[in-house]
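Per this note's numbering, the very first residue in the sequence shown carries number 234; after that it's consecutive. No residue lacks a Cβ here, since even glycine has one placed at the ideal position from N, Cα and C. These numbers were taken from a predicted model, which means no experiment stands behind them. Okay, so here's the structure we're looking at.
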Amino acid sequence: MSITSRPGLTLHTSNRLERLADGLAQVIAHPLRSPLMSEIIVVQSNGMHRWLEQQIAERHGICSNIRFPFPQKFFQELFQSVFPKAAAIEVFDREVMTWRIMEQLLCFASRPEFATIANYIRNDHRGLRNYELARRIAHVFDEYVVFRPKMILDWDAGVGKDWQPILWRELQRSAPRQHQAAMGLQLIDALKRGDAPIPERVSIFGISTLPPFYVSLVGEFSVHCPVHLFVMEPTPVWWGDVRSKREKARAKQPELFGFNEEETGDNELLAANGRLGRDFLNLVAELTPAAV
Numbered sequence: 234m235s236i237t238s239r240p241g242l243t244l245h246t247s248n249r250l251e252r253l254a255d256g257l258a259q260v261i262a263h264p265l266r267s268p269l270m271s272e273i274i275v276v277q278s279n280g281m282h283r284w285l286e287q288q289i290a291e292r293h294g295i296c297s298n299i300r301f302p303f304p305q306k307f308f309q310e311l312f313q314s315v316f317p318k319a320a321a322i323e324v325f326d327r328e329v330m331t332w333r334i335m336e337q338l339l340c341f342a343s344r345p346e347f348a349t350i351a352n353y354i355r356n357d358h359r360g361l362r363n364y365e366l367a368r369r370i371a372h373v374f375d376e377y378v379v380f381r382p383k384m385i386l387d388w389d390a391g392v393g394k395d396w397q398p399i400l401w402r403e404l405q406r407s408a409p410r411q412h413q414a415a416m417g418l419q420l421i422d423a424l425k426r427g428d429a430p431i432p433e434r435v436s437i438f439g440i441s442t443l444p445p446f447y448v449s450l451v452g453e454f455s456v457h458c459p460v461h462l463f464v465m466e467p468t469p470v471w472w473g474d475v476r477s478k479r480e481k482a483r484a485k486q487p488e489l490f491g492f493n494e495e496e497t498g499d500n501e502l503l504a505a506n507g508r509l510g511r512d513f514l515n516l517v518a519e520l521t522p523a524a525v
């Protein structure tokens, strides 16, 4: 496998994690320009973090000066490096939002849009219902920012008259356009202008899916630095093309009738499982990576 230091997205796939670890070891065998700069390997869990530390140490004799951030943490750090004055990002932390939402729910209880909310928290003398409801709303808003960024941006612009967009606009009033959905657009503009400090190299290992919002950002900064994406793929053919009978029926594909697995080459077990992983691969394919 040839390793390039040129900007671009390189996709590494295998049905064995050990082989992906071999590929990662080859990538990081080429040191960064500065010995003080940390290698960045984005992972999904602490278990993968610990396993990779062991695998890298076995292959190189040592594993040091490597950071293993989770995806959300990695992108938050990226935003903060590009926009260091945007400390208000912390305003949209899930725990911080919970307490802010608790306060706003009480303030908005008299508004007709919040009638259902007011009825739910009425006579909540200890505040337990209010806290639990606020915690769930904060979780949903946090998901909206990443999985439905366009809707959040529309809410910012005044679209929506129900209680959710009203509550969101009040939350972001103290830090307008400093949540991840808005800052993602600003990051793309900064990258195009060449004003964004970016890592020298990024590896993303063993992550089966990323929100489309994050995938689009990966594509944008891979134009400016090498990005290596290591993905498990349980089939020698492109997993993203495998479809179940149900999916073919929904797409009204004629080969559904008289379906024969040998003729189509689709494996029903692969087709019935891992749909998020298949969709993720297809999103990555739209970024035109160089496959390895």
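In this chain, the beta strand (DSSP E) harbouring Leu244 covers 241 to 247. Taking Val464 as the centre and dropping the five residues before and after it, the same chain places the C-beta of Thr246 closer than 6 Å to its C-beta, in chain order.
Counting along the chain, Pro459 sits inside no alpha helix (DSSP H); it lies in the beta strand (DSSP E) bounded by residues 459 to 465. By the C-beta criterion, the region 449 to 460 is judged not to be in contact with the region 350 to 361, since fewer than 3 inter-stretch pairs fall below 8 Å. Using a Cβ distance threshold of 9 Å, Ala414 and Val373 do not count as a contacting pair. The C-alpha of Gln419 is placed about 11 Å away from the C-alpha of Arg426.
For Ile274, the enclosing beta strand (DSSP E) stretches over residues 272 to 275. DSSP places Ile437 in the uninterrupted beta strand (DSSP E) bounded by 435 to 438.
Under the three-pair Cβ rule at 8 Å, the region 431 to 448 counts as touching the region 254 to 270.
Taking the C-beta atoms as reference points, Leu462 is found nearer than 9 Å to Ile437.
Excluding its 5 nearest sequence neighbours in each direction, Asp395 has C-beta neighbours in its own chain below 7 Å: Glu346, listed in chain order. Looking at Phe308, Leu257, Leu424, the one whose alpha-carbon comes closest to that of Trp284 is Leu257.
Residue burial annotation: Gly439 is buried, with at least 16 other C-beta atoms found within 10 angstroms of its C-beta. In this structure, the CA atom of Met335 is about 15 Å from the CA atom of Arg344. At the C-beta level, Gln397 and Phe325 stay beyond 9 Å of one another. Closest in C-alpha terms to Ala290, from the list Gln277, Ala262, Ser314, comes Ala262. Boundaries of the alpha helix (DSSP H) harbouring Asn352: 348 to 354, taken from the DSSP string. Counting only runs of 3 or more residues that sit fully inside the region 384 to 459, the beta strand (DSSP E) segments are 435 to 438, in chain order. Here Phe341 is not near Met416, since their CB atoms are 9 Å or more apart.
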